[in-house]
Amino acid sequence: MIHPRTTVLALALTAILAVSLHPSPASAARTDRWNADLSVVDADDVNVRHTRAGLRLADARPPGTPARRSAVAEGMLVAAPRTLSRPATRVRAEVTAATRPGTAATVQVRGWRAIGWTEWRDAVPAAVFDQPVRRVQARVVLTGSASGATTEVRAVRLTADTVTAAAATPGLTYRVYATRIGLVGEVTANGHTVRPRDHFVALPSRRGLSPRNSGDYTLRVCTTTGSRCEYAPVWDVGPWNTRDDYWNPSAVRENWKDLPQGRPQAQAAYQNGYNGGRDQFGRTVLNPAGVDLADGTFWDGLQLTTNAWVDVAYLWTGTGPRGVVGDGPLNVRAGPSTSYASRGLAAQYANVPIQCYVTGQSVAGPYRTTNRWNRLASGQFVSHAYISAVWGGTVPVC
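Right, here's the structure in full:
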């Protein structure tokens, strides 16, 4: 019989732990501390339950027919956002858990900025943001073992303070191979049930995973000719890997740090035999995919008929005003009128960049009647009547 062992996963170095538990009066004045509430399991949580022993997987059995995103059971609890007493640039987590061989518990956090949420960052040993944040959110990700065991997380203690901020990251665009998700009726990594002709995307890392019914992390996916694009939220994890944030530089990339920035591990495995041609789970990689597209994004947004190379912009790495598509999928027009050709779609909940706005055809939509049209990129316009909110700065006139 395997006996669990209780361990503190965060701040493992004795010196750091001592500073955390016994701060000086000066540092205490600049520090927020709180415990994540693990007992509240609600609609934005996936495959977890809380018992007297702690937070654990609700179903720890490995998938009978594993989806490409994972060969073991996974679950996630998203805690409520917390407003800090003062802005902070660093959040650290201490985790008390009963662990079993082959299982894992990861605590990640993100911070709210004027243009939206940062990426999720591992809070063990620390997550550092590129600018001060006043509102933070934590989540606990549980991974089971191949034998069906699970970790039981008993407590998560969070600390927010300020350190020297890292440099801001500019917007990023890479050409990667896209595959079609399918899987209608299955549940995504954020708890969404896949519908026919659905509109979302998947990336092989939870760092860019949006909570259900949000577009905090949105991609712009375009055909290589640029003739069609879709703006779609990231709602699933895959293809192949689950810890391959390939769009990030090596300094922060979770795994495969020796690969060039922008090159998915699956592509390197398929094309160059990297890692013996296998993914992080040891499976033989059968295509070079770096993004998965839901059926509606694949067929209707990009009008693809087969898997293809696409140009992907990881919009949360950019700057400037953002608009939330409150009702969609919304046609992206070549000009400020419904008489212009459709250049693609913007999915519901997508957070789209707004360069500027122009006056055009008056449209009656779910949020207002207006003749304002927002330009997302050259030759791409959406009616403001369908935008539920704008943040990240003032939108200028074109």
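Numbering (our numbering), first residue to last: 99 to 496. Glycine included, every Cβ here is placed at the ideal spot set by N, Cα and C.
Which residues mark the beginning and the end of the alpha helix (DSSP H) in which residue 368 is found?
-> Segment 363-370, the alpha helix (DSSP H) holding residue 368.
Same chain, Cβ closer than 8 angstroms to residue 185, five either side skipped, listed in chain order | 230, 231, 232, 260
Return the first residue and the last residue of the beta strand (DSSP E) that residue 228 is part of.
-> 225-241 is the span of the beta strand (DSSP E), which, as asked, contains residue 228.
Measuring CB to CB, does residue 414 end up less than 7 angstroms from residue 305?
-> no
Residue 268 versus residue 153: straight-line alpha-carbon distance, rounded = Annotation note: pLDDT 32 at residue 268 (below 50); position unreliable, no value reported.
Selected residue, minimal CA-CA separation from residue 227, among 239, 240, 211 = 211
Counterpart residues of residue 210 in DSSP-defined beta bridges | 215
When 331, 188, 459 are compared against residue 422, the one with the closest alpha-carbon = 331
Whose C-alpha, out of 461, 325, 303, 371, is nearest the C-alpha of residue 398?
-> 325
Residue burial classification, residue 493 (beta-carbon count within 10 angstroms, cutoff 16) | buried
Buried or exposed by the 16-neighbour rule on C-beta atoms within 10 Å, applied to residue 263 = Low confidence applies to residue 263: its pLDDT is 45, below 50, so where it sits in the model is not reliable enough to give any reading.
Just the Cα atoms here: how many angstroms apart are residue 192 and residue 376?
-> 33 angstroms
Cα-Cα separation, residue 491 to residue 482 = 16 angstroms
How long is the line joining the alpha carbons of residue 323 and residue 475, rounded to whole angstroms?
-> 15 angstroms
Going by DSSP, what residues sit across from residue 320 in a beta bridge?
-> 327, 409
Residue interval of the beta strand (DSSP E) (run including residue 482) = Element bounds for residue 482: n/a, residue is neither H nor E.
Spatial distance of residue 299 from residue 258 (CA atoms) = 32 angstroms
Cut-off 6 angstroms between Cβ atoms - residues of its own chain near residue 355, not counting five sequence neighbours on either side = The beta carbon of residue 355 is closer than 6 angstroms to those of 348 in its chain, skipping five residues each way along the sequence.
Outcome for residue 143 when other beta-carbon atoms lying within 10 angstroms are tallied against a minimum of 16 = buried
When DSSP labels each residue in this structure, what does residue 414 get in the three-state scheme?
-> helix
Whole-angstrom Cβ separation of residue 194 and residue 252, contact assumed at under 8 angstroms?
-> 5 angstroms
CB residue 418 to CB residue 451, shorter than 7 angstroms?
-> yes
Between the CA atoms of residue 335 and residue 364 - distance to the nearest angstrom = 14 angstroms
Are there 16 or more other CB atoms within 10 angstroms of the CB of residue 198, so buried, or fewer, so exposed?
-> buried
Using a threshold of 7 angstroms, state whether the C-beta atoms of residue 224 and residue 205 are closer than that.
-> It is not a contact, given that the beta carbons lie outside the stated cut-off.
By the 10 Å Cβ neighbour count, where 16 or more other Cβ atoms means buried, how is residue 346 classified, buried or exposed?
-> Note on residue 346: 16 or more other CB atoms within 10 angstroms of its CB, so buried under the neighbour-count rule.
With respect to the beta strand (DSSP E) encompassing residue 496, which residues constitute its N-terminal and C-terminal limits?
-> Counting along the chain, no beta strand (DSSP E) covers residue 496, and no H or E run does either.
Output the boundary residues of the beta strand (DSSP E) element that contains residue 451.
-> 449-451
Nearest candidate by alpha-carbon position, reference residue 275, set 202, 366, 350 | 366
In three-state terms, what does DSSP make of residue 121?
-> Summary for residue 121: the model assigns pLDDT 40, below 50, so the residue's position carries little reliability; its value from the coordinates is reported in the next sentence. If DSSP states are grouped into helix, strand and coil, residue 121 belongs with coil.
Going by DSSP, name the residue or residues bridged to residue 133.
-> 255
Alpha carbon of residue 327 to alpha carbon of residue 295, nearest angstrom = 16 angstroms
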